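>
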Amino acid sequence: MANVTQLKHLEHLEDEMLNYGVEGCMAAVSFLKELRNMLGQQESTGFMQTKWDGAPSVICGTDPASGMFFVGTKSVFAKTQPKLCFVDSQIDEWYEGDLAKKLKYSLKYFSQLGIDGVIQGDLLFTDDTIKRETINGEQLYTFRPNTITYGIPVDHDIGKKAGRAKIGVVFHTHYRGDDLPTMQAMAGAPIRSYSKISDVLLVENDTPMDRVGFSSQEMTKFSSYISKIERMCRICGPFLDELVTKTGTTGDAKFHIASYLKQFFNSEIKNARTIANVDEAMYDLLNFYGDKMEKELAKIKTVANRTKKCALVYNSQNYVVDNVYKFKAMLALYKELQAVKQMVIDKLDHLEEFRTYVQTEKGYKVTTPEGYVLHKDGSMIKFVNRLEFAYNNFTLQKQWR
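Residue numbering for the sequence shown follows this note's numbering, starting at 566 and increasing by one per position.
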């Protein structure tokens, strides 16, 4: 669980055991223990943020080299040819279409906020993408930056500000360091210190954990989950480490089943399935791997190379047979991590002030927020209801590109 340098990608809690083996699994346990302290209102250095489904992700602030205000995308961190935009003409040079327009809005309005340093946020709307609609009998300002459509009542304090704003954003990260390529991402942004201008709606995303309200029975259940997962991590640890060493996208590793575990779990989500029965999941995993290998082997032209790769697949299938109980233990551990994570998400979702929907052919369908990000000692992990949000993300066409 390395600290994040630039915030380009966050991992799911349950995937860390596939990324780092036993170390990732125990790090997930550590996050859960920190979360227990937060829920029990005990001493804790961790905190939770709401994860917004905004787009694009905008980096902006004061360039440490020139002292000038800039905007850009994640490419501002590139070691060669970083794309920092100080004026509109630079945006036109590097970007086009809707993205260029949004970056110009960002440059015009965020430069008025008095931002000290470098921050990152997700754009929520511009004045041409926010609408006033009636949904389920409620008057809302709505906007859809990506997959989720957000709504806020027009008479809510935030709604009134949204109605006046030219642009809306949630800033969630600030950076420390002397130059952009080596800056370190840190959670949060000091938005309350920025200039108050009606043209910009700054949405706060800190989650009030003191309002979650776990009962004593729920806290006991949560602690029981943690203890069980910790035991399972120790049991599965050596096998998890072994799977990590066999995972890869090139060479012989490309034909080992270990390289397809995360793809398998993502495939289950796309098909709106979760792990309910370990034996059935094991069967589905083998079928998924078999289908993948059939397609990979079909690409190979020479007989000699195909024979060699077929042998790798055969050896991998035998590897599963020899370790079937270890695979099932791994699947059971993954299932427990999903369950404890969902227990927390279900509580956090009730704290959100914004309405959340997905657009379907039949109109708006109520959905849950994208998820949450737990911060601990400079590291971050995301809590996302993957069966809900990730399924929508995989299957619904995105408005923003």
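Think of the CB as a built atom: it goes at the ideal place given N, C-alpha and C, for glycine as much as any other residue. Just so you know, these numbers come straight off a predicted model, no measurement behind them.
Per DSSP, what kind of secondary structure is K598 in: helix, strand or coil?
Reduced to three states, the DSSP call for K598 is helix.
> Do K906 and E579 come within 8 Å of each other at the CB atom, strictly closer than that value?
Closer than 8 Å, so yes.
> Kindly provide the ranges of any alpha helix (DSSP H) runs that are 4 or more residues long and lie completely inside the segment 839-918, ordered along the chain.
Segments of the alpha helix (DSSP H) lying fully in the segment 839-918: 843-863, 868-887 and 889-913.
> For C798, which residues does DSSP report across the bridge?
Note: C798 sits in no beta bridge, so no partner.
> What first and last residue would you give for the beta strand (DSSP E) that runs through F642?
No beta strand (DSSP E) holds F642; DSSP gives it neither H nor E.
> Three or more C-beta pairs closer than 8 Å, one from the segment 723-732 and one from the segment 686-693: is that the case here?
Touching, per the Cβ criterion.
> For N924, report the span of its beta strand (DSSP E) as first-last.
The amino acid occupying residue 924 in the given sequence is Gln; Asn does not appear at that position. Here the beta strand (DSSP E) through Q924 covers R920 to T925.
> Taking all protein chains shown into account, do 16 or more other C-beta atoms lie within 10 angstroms of the C-beta of Y660, making it buried, or fewer, making it exposed?
Its Cβ being crowded by 16 or more others within 10 Å, Y660 is buried.
> With which residues is P718 paired in a DSSP beta bridge?
L705.
> Alpha carbon to alpha carbon, how far is M908 from D771? Give it in angstroms, no decimals.
Rounded to the nearest angstrom, the two C-alpha atoms are 19 Å apart.
> Out of D657, K598 and R741, point me to the one whose CA is closest to S789's CA.
The shortest C-alpha separation from S789 is found at K598.
> Would the segment 655-673 count as touching the segment 633-643 if we require 3 or more Cβ pairs under 8 Å?
Yes: at least three Cβ pairs fall under 8 Å.
> By Cβ distance, which residues of its chain are closer than 7 Å to V719, with the 5 residues on each side in sequence left out?
R697, Q704, L705, Y706 and G728.
> Quick one: measure Cβ to Cβ for G611 and H821, integer angstroms, because I've assumed they're closer than 8 Å.
With a Cβ gap of about 36 Å, G611 and H821 do not count as contacting.
> From E859 to K893, what does the alpha carbon distance come to, in whole angstroms?
Rounded to whole angstroms, E859 to K893 spans 24 Å at the Cα level.
> Is the segment 838-847 touching the segment 857-872 in the sense that three or more CB pairs, one from each, lie closer than 8 Å?
With a cut-off of 8 Å, the segment 838-847 and the segment 857-872 do not count as touching, because too few Cβ pairs lie within range.
> State the Cα-Cα distance for the pair T747 and Y929, rounded to the nearest angstrom.
So the two alpha carbons sit approximately 43 Å from each other.
> Please work out which residues of its chain come closer than 8 Å, Cβ to Cβ, to P629, disregarding the five sequence neighbours upstream and downstream, and give them in chain order.
Counting only Cβ-Cβ distances below 8 Å, and skipping sequence neighbours, we find V683, G742, D743, D744 and L745.
> For M895, which residues from the same chain have a beta carbon less than 6 Å from its beta carbon, with the 5 sequence-adjacent residues on both sides left out?
C801.
> Out of curiosity, what's the CA-to-CA distance linking V878 and L862?
Distance between the alpha carbons of V878 and L862 is about 9 Å.
> What's the C-alpha gap between G936 and D914?
Distance between the alpha carbons of G936 and D914: 8 Å.
> May I ask which residues mark the beginning and end of the beta strand (DSSP E) holding L767?
Taken as a continuous stretch (DSSP letters only), the beta strand (DSSP E) holding L767 covers V765 to L767.
> Are the CB atoms of I946 and L649 within a distance shorter than 8 Å?
Result no, Cβ atoms of L649 and I946 do not sit closer than 8 Å.
> Would you kindly report the start and end of the unbroken beta strand (DSSP E) that includes M751?
Taken as a continuous stretch (DSSP letters only), the beta strand (DSSP E) holding M751 covers Q749 to A752.
> K546: which of L766, E901, P647 and N711 sits nearest, CA to CA?
The question about residue 546 has no answer, for the chain in this structure spans 566 to 966.
> Does the beta-carbon distance from K857 to Y884 come in below 8 Å?
Contact flag unset, no.
> With a 10 Å radius around its C-beta and 16 neighbouring C-beta atoms as the bar for buried, classify E581 as buried or exposed.
Buried.
> I think L545 touches M784, with their Cβ atoms under 8 Å apart; what is that distance to the nearest whole Å?
The structure shown does not extend to residue 545, since the chain spans only 566 to 966, so no value can be given for it.
> Can you check DSSP and say which residues form a bridge with C625?
V636 and I684, per the DSSP bridge assignment.
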